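As you go down the protein sequences, you meet chains A and B in turn. Be aware that the first sequence starts at 1, since it is given in our numbering, and climbs by one per residue. Be aware that the second sequence starts at 1001, since it is given in our numbering, and climbs by one per residue. Glycine is no exception: its CB is placed at the ideal position from the N, C-alpha and C atoms. Model, not experiment: these values are computed from the prediction. See below for the structure under consideration.
Protein chains: 2
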Amino acid sequence: MRKIVLTAMAALLVVPAQAQDAAPVLSPGEIAAAAPADDWIAIAASDLLVMDLAPDARGSARRVVIQLMPAPFSQGWIGNIRKLVGAHWWDGTSVNRVQDNYVAQWGDATEKKALPPGLAAVPEREYVVSGSARAQPAASDKAVIRLPKDGAVPATGKGGGLAGASMSDAYAPNVAFESGWPIGSSAGRASRWPLHCYAAVGVGRNMSPDTGSGAELYAVIGHAPRHLDRNIAVVGRIISGIEHLSSLPRGTKALGFYKDAAERVTIRSIRIASDLSMPEQPKFEYLSTESDSFARYVDARRNRRDPFFIVPAGGADICNIPVPVRPVGAK
Amino acid sequence: MRKIVLTAMAALLVVPAQAQDAAPVLSPGEIAAAAPADDWIAIAASDLLVMDLAPDARGSARRVVIQLMPAPFSQGWIGNIRKLVGAHWWDGTSVNRVQDNYVAQWGDATEKKALPPGLAAVPEREYVVSGSARAQPAASDKAVIRLPKDGAVPATGKGGGLAGASMSDAYAPNVAFESGWPIGSSAGRASRWPLHCYAAVGVGRNMSPDTGSGAELYAVIGHAPRHLDRNIAVVGRIISGIEHLSSLPRGTKALGFYKDAAERVTIRSIRIASDLSMPEQPKFEYLSTESDSFARYVDARRNRRDPFFIVPAGGADICNIPVPVRPVGAK
């Protein structure tokens, strides 16, 4: 796997003779990188949480950036999270739990810190969205990409929307990309819900019918724990800096909680990016899940034809098709 | 999620009234822990690799234990790995690459260390096994568990084998557990292959038709990269100590390679457990994938009914059904 860096040259050696004149076969990452600027959609600063952890042992800064889910998903908890940020509630709290192949969790380890007034008690029914209200599209990202069963490139286009049945999924009758997010739905799409993929951020809770206030959050740092879908609220995803959580030492108490308070990593602050000064604001964009580029990217994730691969799978788990996100200005 | 530790008490509160007299609803982990001793199968010391990394910054030992795949899978590379271990080839090499949500990789960073004589050049056709030869069962673990589509508990039994169609999978026509391992197969099961689930250990390689000698190995430390199935050899899985790899700092060069040699973690030694003195040998056992206990465990992974959960999924990704493994004598 080391020599995969030699892709460009090696491609000449392994592409079958009859394809020599064709365009080089691009990897999914290369397809995203080659997407025209119009296919990238800026993420509003008001939808970004900026979590600054205490510096690491060598004094390096540790910044984690979270993109919040768009309406109509999980808005009750997200409203609470905005209030908690406004009250600077997380400042001085910590990452208290890191369980291998599962989650890193943060909040008030003492469980005694008073919550700010005005938080909603969000009911379980808000784990799913009923009816046909779509996620609020950013800019031109208005359609839903369903994943085809047969491995064919979906027929897509800016004006078009997509044909094709939903792809094979073990947890939901249908899965699809909607305004940049992986979403599950019931047969007939009467209800829809966000998915626990890698980097998803969710709301810790007590036993049902409690759904959590949003003060206790976790990020998925292992194989997608999709059994949590519809059982815990997903409120966003980490789009930068997840390694500051995923590479933390695992806790040795039950469920990966840290045994000693000294093991916890302090959270210096969590802010909404739009509350930072302009130069401090992180700026990210995602590849429109309505774009032709994304359709090609999905197809390439389902059928790896770049030179390293021998057998294309003909399908992919939706959580193994991460939506490309990059800093604005990156290439 | 913090209060999930209160499961036993809370169960009384949330089990519906008509079920009050029934046995308590167990979590998958509780089902495995309650399995009779006969359902656990000892792993032969000759099938365990013991990798000792240099101690961490605080002087704590870091031991990683890998279970090698049983025949007929990947035996060409595993034969090479046994020769490399016999030559103490990895002693003094290092972990050179840690890519977030993907792999940790180890071997000779210089790429100049001579390989021992007698290693086989294993052909690509050995990525799959043709015909009906089953994985060599350990002890009584003789059957194959296929995952049913409908969420019903598979009808199973020591003497029986299992009914039920294979479960929904995005990458393989069929997936099933075979002698303790998750295995994919073609329609009609004419060919079968091991899966890249979390903790799987694979063989790094150069461009096709090279398949790698086995000297360069990696472990999956993120969401299952199932697109690698049939494209790279899977030779085993980490059954203990994966946190010593998954929590390492991510490399900052392309593909997660470390930029500075000082970032690499030295491998003190890799040995076959049976070559260690008896008191030094780690002893592990796995839950027979033929057992009734495993069938109940699978069902519970597919339909979480323990008190924390509200909506059972009715299915599960095979890589989200890890085969229970524990130290011998643990409960």
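Rank A:Leu-49, A:Ala-224, A:Cys-197, A:Val-234 by C-alpha distance to the C-alpha of A:His-88 and give the top, closest one.
-> Within the first sequence, the letter at position 88 stands for residue 88 of chain A. Closest option to A:His-88, Cα to Cα, is A:Leu-49.
Would you verify that the beta carbon of B:Asn-1080 is, or is not, closer than 8 Å to some beta carbon of chain A?
-> Your numbering for residue 1080 of chain B matches position 80 in the second sequence. Not one chain A Cβ lies under 8 Å of B:Asn-1080.
Between A:Phe-308 and chain B, is there a C-beta pair that is closer than 8 Å?
-> Along the first sequence, one-based indexing puts residue 308 of chain A at 308. Yes - at least one Cβ of chain B is within 8 Å of the one on A:Phe-308.
Can you tell me whether DSSP reads B:Ile-1221 as helix, strand or coil?
-> If you number the second sequence from 1, residue 1221 of chain B lands on position 221. It is coil, neither helix nor strand.
Buried/exposed call for B:Thr-1252, threshold 16 Cβ in 10 Å | Mapped onto the second sequence, residue 1252 of chain B falls at position 252. Exposed, by the Cβ-count rule.
Assigned exposure category for B:Asp-1229 - 16 Cβ within 10 Å defines buried = As a working note, residue 1229 of chain B is residue 229 in the second sequence. Label assigned to B:Asp-1229: buried.
Tell me A:Gly-62's beta-bridge partners as DSSP assigns them.
-> As a first step, residue 62 of chain A is located in the first sequence; it is residue number 62 there, counting from the start. What sits at residue 62 of chain A in the sequence shown is Arg, not Gly. Answer is A:Leu-53, bridged to A:Arg-62.
Measuring only between beta-carbons, confirm whether B:Arg-1226 sits less than 8 Å from chain A.
-> Your numbering for residue 1226 of chain B matches position 226 in the second sequence. At least one chain A Cβ lies under 8 Å of B:Arg-1226.
Name the residue from B:Ile-1267, B:Pro-1225, B:Gly-1131, B:Tyr-1171 whose alpha carbon lies nearest to the alpha carbon of B:Pro-1072.
-> Residue mapping note: residue 1072 of chain B aligns to position 72 of the second sequence, counting from 1. When each option's Cα is compared against that of B:Pro-1072, the closest is B:Gly-1131.
B:Ser-1060 CB to nearest chain A CB: under 8 Å?
-> Here the question's residue 1060 of chain B lines up with position 60 in the second sequence. It does not; no Cβ of chain A falls within 8 Å.
Expected contact under 8 Å - CB spacing of A:Asp-91 and A:Ser-269 to nearest Å | Taking the first sequence and counting its residues from 1, one reaches residue 91 of chain A at position 91. Taking the first sequence and counting its residues from 1, one reaches residue 269 of chain A at position 269. With 8 Å as the limit, A:Asp-91 and A:Ser-269 qualify as a contact, their Cβ atoms being about 5 Å apart.
Residues that DSSP places opposite A:Asn-174 in a beta bridge = The count along the first sequence starts at 1 and reaches residue 174 of chain A at position 174. Answer is A:Ser-185, bridged to A:Asn-174.
Bounding residues of the alpha helix (DSSP H) (the contiguous stretch that carries B:Leu-990) = What the structure shows of chain B is the stretch from 1001 to 1331, and residue 990 of chain B is not part of that stretch, so it cannot be assessed.
Output yes or no for whether 8 Å exceeds the beta carbon distance between A:Gly-184 and A:Glu-126.
-> Position 184 of the first sequence, counted from the start, is the residue given in the question as residue 184 of chain A. Position 126 of the first sequence, counted from the start, is the residue given in the question as residue 126 of chain A. Their beta carbons are not under 8 Å apart, which means A:Gly-184 does not touch A:Glu-126 by this criterion.
B:Arg-1302, buried or exposed, once every other Cβ within 10 Å from all chains shown has been counted against 16 = Taking the second sequence and counting its residues from 1, the one referred to as residue 1302 of chain B is at position 302. Buried, by the Cβ-count rule.
May I have the straight-line CA-CA distance separating B:Pro-1321 from B:Trp-1193, to the nearest angstrom?
-> If you number the second sequence from 1, residue 1321 of chain B lands on position 321. If you number the second sequence from 1, residue 1193 of chain B lands on position 193. Checking the sequence, you will find Ile at residue 1321 of chain B rather than Pro. Using only the alpha carbons, I get a separation of about 17 Å.
Would you mind stating whether A:Gly-256 and A:Asp-100 have Cβ atoms separated by less than 8 Å?
-> Reading the first sequence from its first residue, position 256 is the one you call residue 256 of chain A. Reading the first sequence from its first residue, position 100 is the one you call residue 100 of chain A. Against a cut-off of 8 Å, the Cβ pair of A:Asp-100 and A:Gly-256 comes out as a contact.
Per DSSP, which residues does A:Val-235 bridge with? Please list them.
-> Locating residue 235 of chain A in the first sequence gives position 235, where the first residue counts as 1. None; A:Val-235 has no bridge partner.
Would you mind reading off the limits of the alpha helix (DSSP H) that contains B:Trp-1077?
-> As a working mapping, residue 1077 of chain B is identified with position 77 in the second sequence. Taken as a continuous stretch (DSSP letters only), the alpha helix (DSSP H) holding B:Trp-1077 covers 1075-1086.
What number of angstroms, rounded off, separates the C-alpha of B:Arg-1264 from the C-alpha of B:Ser-1247?
-> Taking the first residue of the second sequence as position 1, residue 1264 of chain B is located at position 264. Taking the first residue of the second sequence as position 1, residue 1247 of chain B is located at position 247. Cα to Cα, the separation comes out at about 13 Å.
Using the beta-carbon of each residue, which ones in chain B are nearer than 8 Å to A:Tyr-198?
-> Working through the first sequence from its first residue, we reach residue 198 of chain A at position 198. Per Cβ cutoff of 8 Å: Asn-1101, Gly-1222, His-1223.
Within the same chain, show all residues whose beta-carbon is closer than 6 Å to that of B:Pro-1182, passing over the 5 residues directly before and after it, in chain order.
-> The residue labelled residue 1182 of chain B in the question sits at position 182 within the second sequence. Result list for B:Pro-1182: Leu-1195, Cys-1197, Ile-1318, in chain order.
Which residues in the same chain as A:Val-325 place their Cβ atom closer than 6 Å to its Cβ, once the five residues preceding and following it in sequence are excluded?
-> For the purposes of this step, residue 325 of chain A is taken as the residue at position 325 of the first sequence. Here the set comprises Ile-239, Phe-284, Tyr-286.
Hey, would you say A:Pro-249 sits closer than 8 Å to A:Val-98, going by beta carbons?
-> Within the first sequence, residue 249 of chain A is the residue found at index 249, counting from 1. Within the first sequence, residue 98 of chain A is the residue found at index 98, counting from 1. In this structure, A:Val-98 lies closer than 8 Å to A:Pro-249 by Cβ.
Under 9 Å from the C-beta of B:Leu-1248: neighbouring residues of chain A | The residue labelled residue 1248 of chain B in the question sits at position 248 within the second sequence. Going along chain A in sequence order, the residues near B:Leu-1248 (Cβ under 9 Å) are Ser-247.
Which word fits B:Met-1278, buried or exposed, when buried means at least 16 other C-beta atoms lie within 10 angstroms of its C-beta?
-> Along the second sequence, one-based indexing puts residue 1278 of chain B at 278. The residue in question, B:Met-1278, is exposed, as its Cβ has fewer than 16 Cβ neighbours within 10 Å.
Would a check of beta-carbon distances place A:Met-51 closer than 8 Å to chain B?
-> Working through the first sequence from its first residue, we reach residue 51 of chain A at position 51. It does not; no Cβ of chain B falls within 8 Å.
What do you get for B:Gly-1241, buried or exposed, if any count of 16 or more other CB atoms within 10 angstroms of its CB means buried?
-> Residue numbering aside, residue 1241 of chain B sits at position 241 when the second sequence is read from its first letter. So B:Gly-1241 counts as buried.
Mind checking who B:Val-1098 pairs with in its DSSP beta bridge?
-> By one-based count along the second sequence, residue 1098 of chain B stands at place 98. BP columns for B:Val-1098 point to B:Ala-1104.
Just the C-alpha distance for B:Ala-1109 and A:Glu-111, rounded to the nearest angstrom, thanks.
-> As a first step, residue 1109 of chain B is located in the second sequence; it is residue number 109 there, counting from the start. As a first step, residue 111 of chain A is located in the first sequence; it is residue number 111 there, counting from the start. Going by the C-alpha atoms only, they are around 46 Å apart.
Classification of A:Val-328 by the beta-carbon crowding that lies within 10 angstroms, buried from 16 upward | Here residue 328 of chain A is taken as the residue at index 328 of the first sequence, counted from 1. It is exposed - the Cβ of A:Val-328 has fewer than 16 other Cβ atoms within 10 Å.
When the cut-off is 8 Å and only beta carbons count, does B:Met-1069 lie next to chain A?
-> Here residue 1069 of chain B is taken as the residue at index 69 of the second sequence, counted from 1. No, no contact with chain A.
Under 7 Å Cβ-Cβ, which residues of chain B neighbour A:Gly-315?
-> Along the first sequence, one-based indexing puts residue 315 of chain A at 315. Those are Ala-1170, Tyr-1171, listed as they occur along chain B.
Neighbourhood of A:Ala-300 by C-beta distance below 8 Å, restricted to the same chain and skipping five residues each side = Sequence index remark: in the first sequence, residue 300 of chain A carries index 300 (1-based). The answer, listed in chain order, is Leu-26, Ser-27, Pro-28, Ile-31, Asp-306.
List the residues of chain B that A:Met-167 touches, going by C-beta distances under 9 Å, in chain order.
-> In the first sequence, the residue the question calls residue 167 of chain A occupies position 167. Ordered by position in chain B, the residues that pass the 9 Å Cβ test against A:Met-167 are Ala-1170.
Would you say A:Ile-242 reaches chain B, if we count a Cβ-Cβ gap shorter than 8 Å as a contact?
-> To locate residue 242 of chain A, count along the first sequence from 1; it is residue 242. Closer than 8 Å: yes.
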